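One structure is given here, and the rest of the page talks about it.
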Amino acid sequence: MAPPIRTNLDTRMNTLRSAISEFFDSVISSYNLAINGIENYNQRDLKEIYKLRKYAQLQAEDLSQDLLLVLTLNQPLLQDLRIIASYLRGVDVIERLARHARDVADAQAQLNDIKDVNTHLLSEIFSLGVETVELIEIMRDCLVEQEGVPEELLKKKWANINELFSKITAEILEIQAHSVGGREGRILLNTMAKRFERSCYNLMRLADLWHYALENEWIHLESMT
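Per our numbering, numbering of the sequence shown is gapless, rising by one per residue and ending at 215.
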């Protein structure tokens, strides 16, 4: 059997890692705009989030094609294949993050028309968004720098995120309707919190896959709370 062909594979993978890093950065920018909009909403940021969402769609398509091209041009070793599979999954996760940021911004736009929304609740949702961005940054470093998964840190952050999300959803149900704009306000607040939580869950699943790519061992961090 002929040995695997790795000609230019490392160069191609370095180029792809650079592109994935830029992809992560664009989504972090989108998320930061969405988070800031919770306390200081403005139409200009909403338009920028839409722009970044469209960019994310195009980037996801291009990166997926480039990763598949690597498989066509080379015969990667097994660990290379696991890393490429993780990158393909990562591209999908990043694109979803951009979609979630857009959904949060859409909810803000509608919530902006509702007066006297409970500011304490908005502050907690803001904190959940900050936790999400920190998790995105951790996973960016893992995939781009090919670092190992910081298991204990991720488990601690995931526990904090779950606790905060549960607290927010309980408060949305319990708070008096006039403090959140009635049923519509509850739905919008829940949408924002749920998108942040789902983004974090997807990132935790990506961490599982990345650990497998590097160590050939499956873990399930999202279930360790």
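For each residue, glycine too, the CB sits at the ideal point set by N, CA and C.
Remember, it's a predicted structure, so these values are computed and weren't measured experimentally.
By alpha-carbon positions, which one of SER54, ASP35, LEU63 and TYR21 ends up nearest to ALA75?
It is SER54 whose Cα lies nearest to the Cα of ALA75.
In whole angstroms, give me the CA-to-CA distance for THR1 and ASN32.
Cα to Cα, THR1 sits roughly 42 Å from ASN32.
Less than 8 Å between C-beta atoms, sequence neighbours within five positions excluded: which residues of the same chain meet that for ARG43?
Excluding positions up to five away in sequence, the list reads SER20, ALA88, ARG89, ALA91 and ARG92.
For GLU207, count neighbouring Cβ atoms within 10 angstroms of its own Cβ and tell me buried if that reaches 16, exposed if not.
The residue in question, GLU207, is exposed, as its Cβ has fewer than 16 Cβ neighbours within 10 Å.
Helix, strand or coil for VAL17? Go by DSSP, reduced to three states.
Reduced to three states, the DSSP call for VAL17 is helix.
Can you list, in chain order, the residues of its chain with a C-beta nearer than 6 Å to that of PHE186? Leave out the 5 residues immediately preceding and following it.
Around PHE186: LEU118, GLY119 and THR122.
Can you tell me whether HIS90 is helix, strand or coil according to DSSP?
Three-state DSSP puts HIS90 in a helix.
Return helix, strand or coil for GLN166, following the three-state DSSP convention.
The answer is coil: DSSP assigns GLN166 none of H, G, I, E or B.
How long is the line joining the alpha carbons of GLN100 and GLN69, rounded to whole angstroms?
Those two C-alpha atoms are separated by around 47 Å.
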